[in-house]
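Colleague:
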Amino acid sequence: MSVILFIAGVLVMLVGLGVSIALHELGHILPAKAFGVRVGQYMIGFGPTLWSKRVGETEYGFKALPLGGFISIAGMYPPSPEADGRKKRVWSTLVQDAREQNDETIAEAGERTLYRLATWKRVVVMLGGPFMNLLLAVAIFSGLLSGLGVMQSTTTVASVSECVVAAGAERTECEPGDAPTPAAEAGLEPGDTITSVDGTAVSTFDEASAIIRERADSTIPIGIERDGSAQTLKITPILAENEYTNDHGEVVTGEVGFVGFSPTSQRVKQPLWAGAQQALDNTVAVGEVIVQLPVKLYDVAVDLFTGQDRDPDGPISVIGVGRIAGEVAATEAPIVDRAAFLLNILGAVNIALMMFNLIPLLPLDGG
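No gaps in the numbering here: position 97 of the sequence shown is 97 in the UniProt record's numbering, and each next residue is one more.
1) For the candidate residues GLU250, GLY56, ILE351 and TRP273, whose alpha-carbon lies nearest to that of ASN133?
2) Among the residues of its own chain, which have a CB less than 7 Å from the CB of ARG215, if the five just before and after it don't count?
3) Taking a contact to mean a Cβ-Cβ separation below 8 Å, would you say ILE359 touches ILE290 in this structure?
4) Report all residues from its chain with a CB closer than 8 Å to the CB of SER52; omit the five preceding and five following residues, and keep chain order.
5) Looking at the unbroken alpha helix (DSSP H) that takes in PRO130, where does it start and where does it end?
6) Is GLY18 helix, strand or coil when you go by DSSP?
7) Apply the 10 Å Cβ neighbour rule to GLU25 and answer buried if 16 or more other Cβ atoms are within range, or exposed otherwise.
8) Are the CB atoms of VAL160 and GLY260 nearer to each other than 8 Å?
9) Report all residues from its chain with a CB closer than 7 Å to the CB of PRO130; omit the five preceding and five following residues, and keep chain order.
10) Helix, strand or coil for MET13 per DSSP?
11) Under 7 Å Cβ to Cβ from GLY18, same chain only, skipping five residues before and after it: list those, please.
12) How about ARG116 and GLY75: do their beta carbons lie closer than 8 Å?
13) Locate the alpha helix (DSSP H) running through GLU207, then write down its first and last residues.
14) With a 10 Å radius around its C-beta and 16 neighbouring C-beta atoms as the bar for buried, classify SER20 as buried or exposed.
15) Just mark THR181 as buried or exposed, buried being the case when its beta carbon has 16 or more other beta carbons within 10 Å.
16) Among the residues of its own chain, which have a CB less than 7 Å from the CB of LEU50, if the five just before and after it don't count?
17) Distance check for ARG267 and GLY149, CA to CA, integer angstroms please.
18) Rounding to the nearest angstrom, what Cα-Cα distance links residue 436 and LEU343 in this structure?
19) Comparing C-alpha positions only, which one of GLY16, MET13, LEU114 and GLY69 sits nearest to ALA34?
20) Whose C-alpha, out of THR232, PRO334, ARG38 and ALA118, is nearest the C-alpha of GLY56?
21) Can you tell which of SER153, GLY27, PRO79 and ARG213 has the C-alpha that lies nearest to the C-alpha of LYS269?
22) Tell me which same chain residues have a C-beta within less than 8 Å of the C-beta of SER146, skipping the five on either side of it?
23) From this set, ALA158, THR200, GLU207 and PRO176, which residue's C-alpha is nearest GLU183's C-alpha?
24) In three-state DSSP terms, what is ALA186?
25) Any idea which residues DSSP pairs ALA32 with across the strands?
26) I need the DSSP call for THR283, collapsed to helix, strand or coil.
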């Protein structure tokens with residue numbers, strides 16, 4: 001069954017990637033046609049053509065390998081200058097070859113070529129693809145964050161630890177002589193909802209735990225709601241080494257107040273702007289990757305030839321993304337969580353498509 005789920009996860013990611021590429025190319029073709037430029041082909045994939053149909057002057061189709069796509073826009077470059085017979089450099093030859101391949105589209109289109117458009121129109125056509133990926137990423141992230149929600153800890157108690165186990169101990173069960181946790185000693189029970197800590201109303205687990213961390217060895221009141229009725233418990237947090245998230249969002253370890261209970265988790269819908277913020281954060285992260293890409297690729301090559309383990313934060317290929325999607329789909333996590341993870345990957349892939357296509361190199365849009 002896990003093999004089937006793995007394959008399903010890979011296929012879902014491939015379909016999502018194909019849709020992303022199709023929309024990317026659509027972002028080019030729509031403004032090109034709107035500006036009157038002749039578009040000869042709109043193809044998804046590479047390799048042999050599996051299916052195609054001509055509608056008007058444009059041939060639409062799918063190719064065997066759904067790992068890319070292209071459109072044939074007439075006059076991407078000006079006509080090739082006459083060869084002067086002098087020896088050309090390799091880069092000049094590559095540019096000239098690209099122009100010569102484009103000459104036949106110019107002959108078919110006449111005046112309806114991209115290079116004849118005003119500069120701002122050419123920019124709109126070339127940025128249409130990356131912009132479409134940005135819109136798709138924002139839509140995906142908004143659906144995940146504002147529609148489905150993010151798993152967050154609540155103020156409702158899920159479980160209460162019966163005893164205090166020394167930090168670093170491998171055992172999880174209590175033994176005779178172990179001291180009870182402050183939560184167990186105070187009578188806190190699973191299902192209780194914490195409403196206040198030391199007189200301060202709390203609505204999130206982070207708010208409650210932040211106060212508890214600062215109250216080690218102090219007896220404080222904790223307001224709870226149990227079976228619909230409000231109650232107040234007295235609890236004395238002990239000083240213990242524990243992991244927690246600081247004000248900067250970093251997980252750190254330190255001696256802080258500890259009571260010994262775990263919260264329940266539920267999906268909390270985020271504000272509508274959260275999707276755009278997530279897209280912005282991903283854009284910054286991908287930008288940093290692009291800047292470091294030459295060094296990262298060198299490190300990958302070194303690891304490959306020396307047999308060392310790859311950097312887990314290094315760049316991954318489309319195949320790597322597919323493998324991750326398959327592994328996530330094959331886990332035993334709830335199907336909603338698996339679907340959310342796959343969509344999150346797809347959103348990140350669209351940000352990567354946008355950013356990499358803005359690099360000013362051929363054959364990318366930025367070139």
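Backbone N, C-alpha and C fix where the C-beta goes; we use that ideal spot for every residue, glycine too.
Modeller: Walking through what the data contain:
1) ILE351
2) ASP198, PRO237 and GLY257
3) yes
4) MET43, GLU59, TYR60, GLY61 and PHE62
5) 119-142
6) helix
7) buried
8) yes
9) MET354, ASN357, LEU358 and ASP365
10) helix
11) ILE44 and PRO66
12) yes
13) 205-213
14) buried
15) buried
16) PHE62, LYS63 and ALA64
17) 5 Å
18) The structure shown does not extend to residue 436, since the chain is modelled only from 1 through 367, so no value can be given for it.
19) LEU114
20) ARG38
21) SER153
22) LYS269, GLN270, PRO271, LEU272, ALA274 and GLY275
23) The residue asked about is misnamed: residue 183 is Ala in this sequence, not Glu. With distances taken between Cα atoms, ALA183 lies closest to ALA158.
24) helix
25) Note: ALA32 sits in no beta bridge, so no partner.
26) helix
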